[in-house]
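The block underneath contains the structure these notes are about, expressed in structure tokens.
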């Protein structure tokens, strides 16, 4: 699968503050995706995979694992900077992502500077749905 | 439940082997098709011993443990009222199939907000190689809506 191979590091680490990376669109979150993620991650919380349980608990339906949405953000970062350029990153789960939501992952360069002899970028991360509602916000540090 | 006295509680450490099949399923689940995550030859060409785990994979290592221990259950957190508030991840190295890593999780903080309507539980997890070289540090904050 060559279509998703890593782009050259040098080109992207020259990015300047204010530049928005090409955003990563995520197809609508399906029940199958949540079931797969539950199995793969070991997080079997029924709020994510059992609609009956979710409704009984007062939620309108199942919703995505926060870590699935963070994994989508991770794809944006590793697609852009390479598999191990990520130093540290964080996410705040602002609102739940219900089944059926279509997400867009975005990263904006907040700061670029040399650090410990390497080039480091700080990024502001966000995930929104198609209505523009913020689901996740965060930050990341990546290094050459 | 409004337990706040478990700050400092440590889950029994576990050793986990990174399995190729689980990495394949994890990549499928998150839609990851990048070659260093899915193709051993491409990963070796990129300088890795084998495929590597995507950067959120380490967060799964203390879920569904073989010893059956669950911090969420141990702390009595109700699944129906539990939300993942925030997560931070610091990377020191990568994980590949066959790696055996030690996973240590501890409750680093518990506190309440809004007069007890929201309970926060902060859990720190360290993943290290058996020679104690650090691989990844994670911190998750869980929120219980009372």
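Chains as they are written, first to last, in the working numbering: chain F, 13 to 156; chain H, 1132 to 1277.
In this text, a Cβ means the ideal position worked out from N, Cα and C, and glycines have one as well.
Count the other C-beta atoms from every protein chain shown that fall within 10 angstroms of the C-beta of residue i, then say buried if there are 16 or more, exposed otherwise.
i: residue 68(F); result: exposed
i: residue 1226(H); result: buried
i: residue 1188(H); result: buried
i: residue 143(F); result: exposed
i: residue 48(F); result: buried
i: residue 64(F); result: exposed
i: residue 1133(H); result: At residue 1133(H) the pLDDT is 49, less than 50, meaning the model places this residue with poor confidence and gives no usable figure here.
i: residue 46(F); result: buried
i: residue 93(F); result: buried
i: residue 1244(H); result: exposed
i: residue 1200(H); result: exposed
i: residue 33(F); result: buried
i: residue 147(F); result: buried
i: residue 1136(H); result: exposed
i: residue 1153(H); result: buried
i: residue 38(F); result: buried
i: residue 72(F); result: exposed
i: residue 1176(H); result: exposed
From this set, the options, which residue's C-alpha is nearest residue i's C-alpha?
i: residue 1249(H); options: 1241(H), 1263(H), 1258(H), 1276(H); result: 1276(H)
i: residue 1261(H); options: 1140(H), 1148(H), 1143(H); result: 1148(H)
i: residue 150(F); options: 97(F), 106(F), 70(F), 129(F); result: 106(F)
i: residue 1198(H); options: 1223(H), 1242(H), 1142(H); result: 1142(H)
i: residue 127(F); options: 93(F), 71(F), 155(F), 138(F); result: 155(F)
i: residue 90(F); options: 119(F), 104(F), 109(F), 26(F); result: 119(F)
i: residue 1241(H); options: 1231(H), 1233(H), 1272(H); result: 1272(H)
i: residue 99(F); options: 1217(H), 1150(H), 1223(H), 1265(H); result: 1223(H)
i: residue 52(F); options: 1210(H), 1170(H), 1184(H), 1218(H); result: 1184(H)
i: residue 29(F); options: 103(F), 113(F), 121(F); result: 121(F)
i: residue 1116(H); options: 1232(H), 1247(H), 1245(H); result: Absent from the model: residue 1116(H). The displayed extent of chain H is 1132 to 1277, so no value can be given.
i: residue 110(F); options: 94(F), 140(F), 36(F); result: 140(F)
i: residue 70(F); options: 1201(H), 1190(H), 1213(H); result: 1213(H)
i: residue 54(F); options: 1157(H), 1186(H), 1176(H), 1178(H); result: 1157(H)
i: residue 36(F); options: 146(F), 145(F), 138(F), 153(F); result: 138(F)
i: residue 1216(H); options: 104(F), 84(F), 97(F); result: 104(F)
i: residue 1230(H); options: 1155(H), 1139(H), 1150(H); result: 1150(H)
i: residue 97(F); options: 116(F), 130(F), 145(F), 31(F); result: 130(F)
i: residue 78(F); options: 1170(H), 1218(H), 1175(H); result: 1218(H)
i: residue 1210(H); options: 85(F), 108(F), 57(F); result: 57(F)
i: residue 83(F); options: 1186(H), 1169(H), 1170(H); result: 1186(H)
How close, in whole Å, do the beta carbons of residue i and residue j come, if the pair is a contact with beta carbons under 8 Å?
i: residue 1145(H); j: residue 1196(H); result: 6 Å
i: residue 1163(H); j: residue 87(F); result: 6 Å
i: residue 1228(H); j: residue 1193(H); result: With 8 Å as the limit, residue 1228(H) and residue 1193(H) do not qualify as a contact, their Cβ atoms being about 19 Å apart.
i: residue 1167(H); j: residue 1160(H); result: So it is not a contact: roughly 18 Å between Cβ atoms.
i: residue 1274(H); j: residue 101(F); result: No, residue 1274(H) and residue 101(F) are not in contact; Cβ-Cβ is about 20 Å, not under 8 Å.
i: residue 62(F); j: residue 74(F); result: 7 Å
i: residue 1258(H); j: residue 1267(H); result: 5 Å
i: residue 66(F); j: residue 41(F); result: Their Cβ separation, rounded to whole angstroms, is 14 Å, which puts residue 66(F) and residue 41(F) out of contact at 8 Å.
i: residue 27(F); j: residue 152(F); result: At roughly 13 Å, the Cβ-Cβ gap does not stay under 8 Å, so residue 27(F) and residue 152(F) are not in contact.
i: residue 1165(H); j: residue 95(F); result: 7 Å
i: residue 1140(H); j: residue 1234(H); result: Not a contact, Cβ separation roughly 15 Å.
At a Cβ threshold of 7 Å, is residue i touching chain C?
i: residue 87(F); result: Structure shown: chain C not included; protein chains present are F and H.
Would you call the segment 124–140 of chain F and the segment 1204–1219 of chain H in contact, with 3 or more CB pairs under 8 Å? The segment 124–140 of chain F, when compared against the segment 1204–1219 of chain H, does not touch it at the 8 Å Cβ threshold.
3 or more residues per run - each beta strand (DSSP E) lying fully within the segment 1179–1246 of chain H: Segments of the beta strand (DSSP E) lying fully in the segment 1179–1246 of chain H: 1213–1222, 1231–1244.
Would you list, in sequence order, the uninterrupted beta strand (DSSP E) runs of no fewer than 3 residues that lie entirely inside the segment 26–101 of chain F? 36–38, all fully within the segment 26–101 of chain F.
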